[in-house]
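In the numbering used here, the protein residues as written are -15 to 187. For each residue, glycine too, the CB sits at the ideal point set by N, CA and C.
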(Lines of atoms letter the chains of each structure in order from A and count residues from 1; the text may use other names and numbers.)
(Lines give C-alpha, C1' and ligand atoms only; values in the text may rest on other atoms or scores of the structure.)
Protein backbone atom coordinates (compact mmCIF):
# COMPACT_ATOMS: atom_id res chain seq x y z
CA UNK A 1 0.00 0.00 0.00
CA UNK A 2 1.17 3.50 -0.83
CA UNK A 3 0.69 6.21 1.78
CA UNK A 4 1.06 9.91 0.98
CA UNK A 5 2.00 11.97 4.05
CA UNK A 6 1.30 15.70 3.73
CA UNK A 7 2.47 18.37 6.20
CA UNK A 8 1.53 22.02 5.81
CA UNK A 9 2.47 23.75 9.08
CA UNK A 10 5.03 26.55 8.90
CA UNK A 11 6.12 25.98 12.53
CA UNK A 12 8.69 23.24 12.05
CA UNK A 13 9.49 21.26 15.19
CA UNK A 14 7.07 23.42 17.20
CA UNK A 15 4.11 22.20 15.16
CA UNK A 16 1.48 20.02 16.82
CA UNK A 17 0.07 18.92 13.46
CA UNK A 18 3.51 17.76 12.32
CA UNK A 19 4.05 15.84 15.55
CA UNK A 20 0.67 14.13 15.34
CA UNK A 21 0.76 13.41 11.60
CA UNK A 22 4.16 11.78 12.10
CA UNK A 23 2.74 9.65 14.92
CA UNK A 24 -0.18 8.61 12.70
CA UNK A 25 2.23 7.47 9.99
CA UNK A 26 4.43 5.64 12.50
CA UNK A 27 1.40 3.85 13.95
CA UNK A 28 0.21 2.92 10.45
CA UNK A 29 3.65 1.54 9.59
CA UNK A 30 3.63 -0.48 12.81
CA UNK A 31 0.24 -1.92 11.86
CA UNK A 32 1.35 -2.59 8.27
CA UNK A 33 5.15 -2.83 7.87
CA UNK A 34 4.81 -3.26 4.10
CA UNK A 35 3.46 0.26 3.67
CA UNK A 36 5.35 2.56 1.28
CA UNK A 37 5.41 6.19 2.45
CA UNK A 38 5.85 9.24 0.22
CA UNK A 39 6.34 12.48 2.15
CA UNK A 40 5.57 16.00 0.95
CA UNK A 41 6.36 19.05 3.10
CA UNK A 42 4.28 21.89 1.68
CA UNK A 43 6.02 24.49 3.85
CA UNK A 44 9.65 23.73 2.98
CA UNK A 45 8.90 22.67 -0.59
CA UNK A 46 5.98 24.94 -1.37
CA UNK A 47 3.76 24.49 -4.39
CA UNK A 48 3.14 27.77 -6.18
CA UNK A 49 -0.35 29.12 -5.76
CA UNK A 50 -2.95 28.51 -8.43
CA UNK A 51 -2.78 31.41 -10.87
CA UNK A 52 -3.33 32.57 -14.42
CA UNK A 53 0.12 31.20 -15.20
CA UNK A 54 -1.01 27.76 -14.02
CA UNK A 55 -4.03 27.85 -16.31
CA UNK A 56 -2.03 29.11 -19.28
CA UNK A 57 0.55 26.36 -18.78
CA UNK A 58 -2.15 23.69 -18.69
CA UNK A 59 -3.74 25.06 -21.86
CA UNK A 60 -0.51 25.38 -23.83
CA UNK A 61 0.66 22.40 -25.91
CA UNK A 62 3.78 20.85 -24.42
CA UNK A 63 6.00 21.70 -27.38
CA UNK A 64 4.99 25.39 -27.19
CA UNK A 65 5.56 25.96 -23.46
CA UNK A 66 8.31 28.28 -22.31
CA UNK A 67 10.48 27.36 -19.30
CA UNK A 68 8.10 28.85 -16.72
CA UNK A 69 5.07 27.16 -18.28
CA UNK A 70 6.91 23.85 -18.47
CA UNK A 71 7.76 24.12 -14.77
CA UNK A 72 4.15 24.91 -13.84
CA UNK A 73 2.82 22.02 -15.91
CA UNK A 74 5.39 19.60 -14.48
CA UNK A 75 4.60 20.67 -10.91
CA UNK A 76 0.86 20.23 -11.43
CA UNK A 77 1.30 16.83 -13.08
CA UNK A 78 3.68 15.51 -10.41
CA UNK A 79 1.45 16.66 -7.55
CA UNK A 80 -1.64 15.13 -9.09
CA UNK A 81 0.04 11.83 -9.98
CA UNK A 82 1.49 11.55 -6.48
CA UNK A 83 -2.01 11.86 -5.03
CA UNK A 84 -3.61 9.50 -7.56
CA UNK A 85 -0.97 6.83 -6.88
CA UNK A 86 -1.66 6.85 -3.14
CA UNK A 87 -4.00 4.33 -1.54
CA UNK A 88 -4.16 6.44 1.62
CA UNK A 89 -3.30 9.99 2.63
CA UNK A 90 -2.39 11.55 5.98
CA UNK A 91 -2.89 15.32 5.97
CA UNK A 92 -1.54 17.60 8.68
CA UNK A 93 -3.93 20.57 8.67
CA UNK A 94 -3.46 23.32 11.24
CA UNK A 95 -5.87 26.24 11.35
CA UNK A 96 -4.45 29.63 10.36
CA UNK A 97 -6.82 32.60 10.57
CA UNK A 98 -9.97 30.43 10.42
CA UNK A 99 -8.87 28.34 7.45
CA UNK A 100 -6.17 25.98 6.21
CA UNK A 101 -2.62 27.15 5.42
CA UNK A 102 -2.31 28.66 1.97
CA UNK A 103 0.28 26.00 1.21
CA UNK A 104 -2.36 23.30 1.74
CA UNK A 105 -4.90 25.21 -0.36
CA UNK A 106 -2.34 25.37 -3.19
CA UNK A 107 -1.97 21.59 -2.98
CA UNK A 108 -5.76 21.14 -3.07
CA UNK A 109 -5.93 23.33 -6.17
CA UNK A 110 -3.48 21.00 -7.92
CA UNK A 111 -5.37 17.79 -7.10
CA UNK A 112 -8.90 19.08 -7.72
CA UNK A 113 -8.83 18.30 -11.45
CA UNK A 114 -11.94 17.56 -13.51
CA UNK A 115 -11.67 14.20 -15.23
CA UNK A 116 -9.01 13.01 -12.77
CA UNK A 117 -10.32 13.33 -9.20
CA UNK A 118 -13.92 14.26 -10.05
CA UNK A 119 -16.16 14.61 -13.08
CA UNK A 120 -19.41 16.32 -13.96
CA UNK A 121 -22.31 14.17 -15.12
CA UNK A 122 -25.93 14.81 -16.02
CA UNK A 123 -26.76 13.92 -12.43
CA UNK A 124 -24.17 16.37 -11.05
CA UNK A 125 -20.57 16.05 -9.86
CA UNK A 126 -19.12 12.63 -9.12
CA UNK A 127 -15.97 12.00 -7.07
CA UNK A 128 -13.42 9.60 -8.54
CA UNK A 129 -11.28 8.93 -5.44
CA UNK A 130 -13.62 6.73 -3.43
CA UNK A 131 -10.99 4.00 -3.10
CA UNK A 132 -8.73 6.15 -0.90
CA UNK A 133 -8.61 6.44 2.88
CA UNK A 134 -7.70 9.78 4.47
CA UNK A 135 -6.64 10.57 8.01
CA UNK A 136 -6.90 14.27 8.70
CA UNK A 137 -4.84 15.70 11.55
CA UNK A 138 -6.76 18.81 12.58
CA UNK A 139 -5.12 21.25 14.99
CA UNK A 140 -6.20 24.69 16.17
CA UNK A 141 -5.33 27.20 18.84
CA UNK A 142 -9.01 27.74 19.68
CA UNK A 143 -12.14 25.63 19.92
CA UNK A 144 -13.90 25.85 16.56
CA UNK A 145 -15.49 22.46 15.96
CA UNK A 146 -19.18 22.89 15.18
CA UNK A 147 -18.84 26.68 15.24
CA UNK A 148 -19.07 29.17 12.36
CA UNK A 149 -15.36 29.85 12.85
CA UNK A 150 -14.59 26.25 11.88
CA UNK A 151 -16.34 26.31 8.50
CA UNK A 152 -13.20 27.32 6.59
CA UNK A 153 -11.03 24.70 8.26
CA UNK A 154 -12.28 21.19 9.07
CA UNK A 155 -15.64 21.67 7.35
CA UNK A 156 -13.96 22.92 4.18
CA UNK A 157 -11.65 19.89 4.09
CA UNK A 158 -14.58 17.51 4.63
CA UNK A 159 -16.47 19.14 1.75
CA UNK A 160 -13.47 18.95 -0.57
CA UNK A 161 -12.66 15.34 0.28
CA UNK A 162 -16.31 14.35 -0.08
CA UNK A 163 -16.50 16.15 -3.42
CA UNK A 164 -13.69 14.01 -4.84
CA UNK A 165 -15.41 10.88 -3.53
CA UNK A 166 -13.57 10.15 -0.29
CA UNK A 167 -15.90 8.78 2.38
CA UNK A 168 -13.34 6.78 4.38
CA UNK A 169 -12.22 9.69 6.53
CA UNK A 170 -10.83 9.70 10.07
CA UNK A 171 -10.03 12.85 12.02
CA UNK A 172 -7.36 13.12 14.70
CA UNK A 173 -8.14 16.35 16.47
CA UNK A 174 -6.17 18.55 18.87
CA UNK A 175 -7.87 21.90 19.41
CA UNK A 176 -7.61 24.61 22.05
CA UNK A 177 -3.83 24.44 21.89
CA UNK A 178 -3.45 28.13 22.72
CA UNK A 179 -5.60 27.91 25.86
CA UNK A 180 -2.60 27.30 28.10
CA UNK A 181 -0.09 24.52 28.77
CA UNK A 182 -2.56 22.29 30.63
CA UNK A 183 -5.22 22.46 27.93
CA UNK A 184 -2.59 21.91 25.21
CA UNK A 185 -1.20 18.85 26.99
CA UNK A 186 -4.67 17.36 27.41
CA UNK A 187 -5.53 17.95 23.75
CA UNK A 188 -2.28 16.34 22.55
CA UNK A 189 -2.72 13.43 24.96
CA UNK A 190 -6.27 12.83 23.70
CA UNK A 191 -5.11 12.86 20.08
CA UNK A 192 -2.28 10.45 20.86
CA UNK A 193 -4.69 8.15 22.67
CA UNK A 194 -6.89 8.17 19.58
CA UNK A 195 -3.93 7.25 17.40
CA UNK A 196 -2.72 4.51 19.76
CA UNK A 197 -6.20 3.19 20.44
CA UNK A 198 -9.03 2.77 17.96
CA UNK A 199 -7.47 4.40 14.89
CA UNK A 200 -5.76 1.19 13.73
CA UNK A 201 -7.69 -1.30 15.84
CA UNK A 202 -8.94 -3.09 12.73
CA UNK A 203 -5.58 -3.08 10.95
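Next item on the list: Consult DSSP for residue 46 and reduce its assignment to one of helix, strand or coil.
Entry: If DSSP states are grouped into helix, strand and coil, residue 46 belongs with the helices.
Check: Under 9 Å, do residue 46 and residue 54 count as touching if we go by C-beta distance?
Finding: Yes.
Check: Can residue 82 and residue 128 be called in contact, C-beta distance under 9 Å?
Finding: yes
Margin query: Do residue 125 and residue 162 have their beta-carbon atoms positioned less than 9 Å apart in this structure?
Written below: yes
Next item on the list: List the endpoints of the continuous alpha helix (DSSP H) containing residue 189.
Entry: The chain is shown from -15 up to 187; residue 189 falls before or after that span and cannot be answered.
Check: Applying the criterion that 16 or more other CB atoms from any shown protein chain within 10 Å of the CB defines a buried residue, is residue 103 buried or exposed?
Finding: Answer is exposed; the Cβ neighbour count stays below 16.
Notebook entry, point to check: Between which two residues does the beta strand (DSSP E) carrying residue 93 extend?
Noted result: Secondary structure note for residue 93: it is in no beta strand (DSSP E), and the uninterrupted alpha helix (DSSP H) holding it is 86 to 95.
Next item on the list: Please determine, among 111, 132 and 136, the residue with the shortest C-alpha to C-alpha distance to residue 150.
Entry: 111
Next item on the list: With DSSP collapsed to three states, give me the class of residue 66.
Entry: In the three-state reduction of the DSSP assignment, residue 66 falls in the helix class, which pools H, G and I.
Margin query: Quick check on residue 159: buried or exposed, where buried means 16 or more other Cβ atoms within 10 Å of its Cβ?
Written below: buried
Next item on the list: Assign residue 13 to one of three DSSP states: helix, strand, or coil.
Entry: helix
Check: DSSP puts residue 155 in a beta bridge; with which residues?
Finding: 120
Note to self: Classify residue 35: buried if its beta carbon has 16 or more other beta carbons within 10 angstroms, exposed otherwise.
What the structure shows: Under this definition residue 35 is an exposed residue.
Note to self: Judging by CA-CA distance, which residue of 33, 30 and 58 is the nearest neighbour of residue 43?
What the structure shows: Minimum Cα-Cα distance from residue 43 among the listed residues 33, 30 and 58 corresponds to 58.
Next item on the list: Would you check if there are 3 or more beta carbon pairs closer than 8 Å linking the stretch -5 to 4 to the stretch 61 to 79?
Entry: Judged by pairs of C-beta atoms under 8 Å, the stretch -5 to 4 touches the stretch 61 to 79, as three or more such pairs exist.
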